[in-house]
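Peer 1:
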Amino acid sequence: MKVTDNNNLSLPVTDNNKEGVKEKATASSDLLSNYGPWSEWACGRNCKDTNMYRKRECDLNMVCQGQKEESLPADCYTKGICPSDCYVGRWGVGCTSTCNNCLKDCDKFTGFCDRCKNGYFDPQLSCNS
2 MKVTDNNNLS LPVTDNNKEG VKEKATASSD LLSNYGPWSE WACGRNCKDT
52 NMYRKRECDL NMVCQGQKEE SLPADCYTKG ICPSDCYVGR WGVGCTSTCN
102 NCLKDCDKFT GFCDRCKNGY FDPQLSCNS
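Right, here's the structure in full:
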């Protein structure tokens, strides 16, 4: 009989663990990977959520121990217009940034464009190059 721990690793049930109490398996450390670096802190995509978030990815798409995402109280979207309310060609908190050189309207939170108009580059930077 086996039980599954929080990392979805199957652990054998031993005499010392008859009721399926989760115990550390020494071999399980061979199956664990490490998280990569944390992302920068950023506001989420819901203007009613004032927290900031950061995340990290598990290396090699394996099992990692620890938190994948963290949050902290902040004042996101409390001092300006929510990006989702920006007019076409504008983005960001308060709609102060522009993306007029994008072929279609840009992402209202990041400014990313699918494609730029002829003569403009860097869709990741609102086609401002």
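FYI, in our numbering the residues of the sequence shown are 2 to 130. C-beta atoms are modelled at their ideal positions from N, C-alpha and C, and glycine is treated no differently.
Please return the same chain residues whose Cβ sits closer than 7 angstroms to the Cβ of SER34, not counting the five positions on each side in sequence.
Peer 2: Position 33 of the sequence shown, counted from the start, is the residue given in the question as residue 34. Excluding sequence neighbours, SER34 sits near CYS59, ASP60, LEU61, MET63, VAL64 and CYS65.
Peer 1: In terms of DSSP beta bridges, what is MET53 paired with?
Peer 2: Here residue 53 corresponds to residue number 52 of the sequence shown, with the count starting at 1. MET53 pairs with CYS44 and LEU73.
Peer 1: Just checking my contact of CYS114 with SER98 at CB under 8 angstroms: how many whole Å lie between their CB atoms?
Peer 2: Here residue 114 refers to the residue found at position 113 of the sequence shown. Here residue 98 refers to the residue found at position 97 of the sequence shown. Actually they do not touch by this definition, with Cβ atoms about 12 angstroms apart.
Peer 1: State the Cα-Cα distance for the pair CYS100 and ARG116, rounded to the nearest angstrom.
Peer 2: Reading the sequence shown from its first residue, position 99 is the one you call residue 100. Reading the sequence shown from its first residue, position 115 is the one you call residue 116. One C-alpha to the other measures close to 11 angstroms.
Peer 1: Output the distance between the C-alpha atoms of VAL94 and CYS77, rounded to the nearest integer angstrom.
Peer 2: Taking the first residue of the sequence shown as 1, we reach residue 94 at position 93. Taking the first residue of the sequence shown as 1, we reach residue 77 at position 76. Going from the Cα of VAL94 to the Cα of CYS77 covers about 9 angstroms.
Peer 1: Between ASP50, ASN102, GLN68 and SER85, which lies nearest to ARG164 when the distance is taken from Cα to Cα?
Peer 2: No information on residue 164 is available, as it lies outside the stretch 2 to 130 that the chain covers here.
Peer 1: With DSSP collapsed to three states, give me the class of CYS65.
Peer 2: To locate residue 65, count along the sequence shown from 1; it is residue 64. It is a strand residue.
Peer 1: Measure the CB-CB distance between SER85 and LYS118 and report whether it falls below 8 angstroms.
Peer 2: Taking the first residue of the sequence shown as 1, we reach residue 85 at position 84. Taking the first residue of the sequence shown as 1, we reach residue 118 at position 117. No, the pair does not count as a contact, with Cβ atoms beyond the cut-off.
Peer 1: Does DSSP put VAL22 in a helix, in a strand, or in coil?
Peer 2: Along the sequence shown, one-based indexing puts residue 22 at 21. Caution is warranted here: a pLDDT of 36 is assigned to VAL22, below 50, making its placement in the model unreliable, and the coordinate value is therefore given only provisionally. Coil, per DSSP.
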